[in-house]
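Here the structure is laid out as structure tokens; the discussion comes afterwards.
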Amino acid sequence: MKKLSLIAFSALFALSSCGGGTETTETTSAETTSQETAAAPVEKEVSITINAGDDMKYDLPEITVKEGQIVKLTLNHTGKLAKEAMGHNWVLLAQGTIVSDFATKAMQAKDTDYIPAGAPEVLANTKLIGGGESVTIEFVAPAKGVYEFICTFPGHSGMMKGNFYVQ
Ligand SMILES: [Cu+2]
Numbered sequence: 208m209k210k211l212s213l214i215a216f217s218a219l220f221a222l223s224s225c226g227g228g229t230e231t232t233e234t235t236s237a238e239t240t241s242q243e244t245a246a247a248p249v250e251k252e253v254s255i256t257i258n259a260g261d262d263m264k265y266d267l268p269e270i271t272v273k274e275g276q277i278v279k280l281t282l283n284h285t286g287k288l289a290k291e292a293m294g295h296n297w298v299l300l301a302q303g304t305i306v307s308d309f310a311t312k313a314m315q316a317k318d319t320d321y322i323p324a325g326a327p328e329v330l331a332n333t334k335l336i337g338g339g340e341s342v343t344i345e346f347v348a349p350a351k352g353v354y355e356f357i358c359t360f361p362g363h364s365g366m367m368k369g370n371f372y373v374q
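First residue of the sequence shown? That's 208 in my numbering, and the numbers climb one at a time after it.
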């Protein structure tokens with residue numbers, strides 16, 4: 208009985224771990240039986256697109272990646288306003304960062320587009336962009352856990368924030 212339920216469980220697990228919602232062009236080979244104990248392979252790279260417009264909102268409230276994955280993140284500013292009035296960036300913060308404190312510190316870093324130079328809180332960030340612009344960065348996903356991301360343009364982090372899950 209115990210063995211049977213274990214098999215049922217691992218079959219369930221295999222099913223659920225395949226449906227992560229990532230776009231993949233791989234063809235599925237349903238007949239394969241040789242990989243019965245192997246975990247679902249982790250893609251080396253993952254591409255993420257996040258949009259933000261003049262309404263001061265990210266269109267993704269959360270992002271999920273896997274530990275060690277190369278994350279290619281593209282931020283599109285879908286609005287029309289200039290960088291000086293409605294600039295956006297995407298900043299991934301280290302765990303334990305007090306977001307409001309960091310946002311206040313970032314606000315004073317206008318010369319460096321609101322990214323304080325050498326700030327240990329910043330794990331990854333895009334540059335600041337204005338309406339119609341786009342930027343892509345690449346970084347390695349940090350250790351498993353929950354992180355926060357924000358836009359550090361003054362006044363934006365209250366609305367422009369989200370969770371970044373590393374599994
Ligand atoms: Cu912003």
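In this text, a Cβ means the ideal position worked out from N, Cα and C, and glycines have one as well.
Whose C-alpha, out of Lys312, Lys290, Thr333, Leu267, is nearest the C-alpha of serine 261? Taking the sequence shown and counting its residues from 1, the one referred to as residue 261 is at position 54. Before going further, note that residue 261 is aspartate rather than serine in the sequence given. Ranking Lys312, Lys290, Thr333, Leu267 by Cα distance to aspartate 261 puts Lys290 first.
Is it buried or exposed for asparagine 370, if we count other Cβ within 10 angstroms and need 16 for buried? Numbered from its first residue, the sequence shown carries residue 370 at position 163. By the 10 Å Cβ count, asparagine 370 comes out exposed.
Looking at glycine 294: is its Cβ nearer than 8 Å to the Cβ of phenylalanine 360? As a first step, residue 294 must be located in the sequence shown, where it is residue number 87. As a first step, residue 360 must be located in the sequence shown, where it is residue number 153. Their beta carbons are under 8 Å apart, which means glycine 294 touches phenylalanine 360 by this criterion.
In the DSSP assignment, find the unbroken beta strand (DSSP E) run with lysine 290 in it and report its ends. Here the question's residue 290 lines up with position 83 in the sequence shown. No beta strand (DSSP E) contains lysine 290, which is instead part of the alpha helix (DSSP H) from 290-293.
Between threonine 304 and the rest of its own chain, which residues show a CB-CB distance below 6 Å, the 5 nearest in sequence each way excluded? Here the question's residue 304 lines up with position 97 in the sequence shown. Answer for threonine 304: Glu328, listed in chain order.
If you reduce the DSSP assignment to three classes, tell me which class serine 341 lands in. Along the sequence shown, one-based indexing puts residue 341 at 134. Strand at serine 341.
Mind checking valine 278: buried by the 16 CB within 10 Å criterion, or exposed? Within the sequence shown, residue 278 is the residue found at index 71, counting from 1. Result: buried.
Cross-strand partners of asparagine 332 (DSSP beta bridge): Against the sequence shown, residue 332 aligns to sequence position 125. Asparagine 332 is bridged to Val298.
When the distance is taken between beta carbons, is alanine 324 closer than 8 Å to phenylalanine 346? To locate residue 346, count along the sequence shown from 1; it is residue 139. To locate residue 324, count along the sequence shown from 1; it is residue 117. Using a Cβ distance threshold of 8 Å, phenylalanine 346 and alanine 324 do not count as a contacting pair.
For ligand 3, is there any heavy atom lying closer than 7 Å to the beta carbon of phenylalanine 360? The ligand content of the structure shown is limited to ligand 1, which means ligand 3 is not among them.
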